[in-house]
Amino acid sequence: MSLSPSTPGLVRLRPATVADAPMLALWDREPHVIACSIDDADAEVAFGGQDWIEEIQAGSAVSFHVIAEVDGRPVGVMQVCDPHLEPTHYWGEIEPNLRAMDIWIGPKDALNRGYGTQMMTLAIDDAFADPAVTAIVIDPLNTNTDAHRFYLRLGFAVVERRMFHEDDCLIMRLERGAWETRA
């Protein structure tokens, strides 16, 4: 992933490192992060309490995490993967030449400041810099209507509703042409 400019107040993406693991584990306990990751009102941790050290160390060209920073302060994290090639086959049978993305803002005071839009714009531009990539897919929880509105504003279209294990998700897709012709 290419790095973005270091203009004050703008998001910069950098590769996640093992040193980020404690911060990510802390963010996983934030109610807004839990709410975007699981429909269990009693959950105390997001993403099943995954081991961030292992997750980051497992990063590759096929699946990796980036940290979003504003003026050197971490404000969010993204996972970007090739859903056709990633080893867990989370997306099941899916066509090649796609990218899948997950995004979340960590600190509560970083919400609603435009950082998510900047993060997605940088990551989408980076994904489409590869001429082979035809589209990007995402899978917000079906109950996360704020995320649905966010992705629709970016140009994603609803494809279908699908269960991923116990998670009821809305599959959305952004075609290269829709991104390139956006206003």
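Here our numbering = 1-based position in the sequence shown + 22.
Yeah, the Cβ is synthetic: ideal placement off N, Cα and C, and Gly gets one too.
- Between the stretch 69 to 89 and the stretch 29 to 48 there are three or more C-beta pairs closer than 8 Å, enough to call the two in contact.
- Taking C-beta separations shorter than 6 Å and ignoring five residues to either side along the sequence, the partners of D104 in its chain run V84, following chain order.
- The alpha-carbon of V88 is positioned some 6 Å away from that of V99.
- Beta-carbon to beta-carbon, A149 and R195 are separated by about 13 Å, too far to satisfy the 8 Å threshold.
- Every alpha helix (DSSP H) stretch that sits fully inside the stretch 134 to 176 and reaches 4 residues is listed by chain position as 137 to 150, 167 to 176.
- Only buried fits S59, as 16 or more other CB atoms lie within 10 angstroms of its CB.
- A80 and F86 have their C-alpha atoms spaced approximately 8 Å apart.
- At a Cβ-Cβ threshold of 8 Å, R36 and E91 count as neighbours.
- If you draw a straight line from the Cα of L176 to the Cα of E66, it comes to about 30 Å.
- For P37, the beta-bridge partners assigned by DSSP are V88.
- The beta carbon of I127 lies closer than 7 Å to those of V97, G98, L133, Y137, G138 in the same chain, with the five residues before and after it left out.
- In the three-state scheme derived from DSSP, where H, G and I count as helix and E and B as strand, D42 is classed as helix.
- Taking 4 residues as the shortest admissible run, the stretch 72 to 127 contains the following complete alpha helix (DSSP H) segments, listed from N- to C-terminal end: 74 to 79.
- By the C-beta density criterion, P162 is buried, having at least 16 other C-beta atoms within 10 angstroms.
- Residue pairing for I193: DSSP places it in a beta bridge opposite E182.
- A Cβ-Cβ contact shorter than 8 Å links D124 with Q101.
- For R198, the enclosing alpha helix (DSSP H) begins and ends at 198 to 202.
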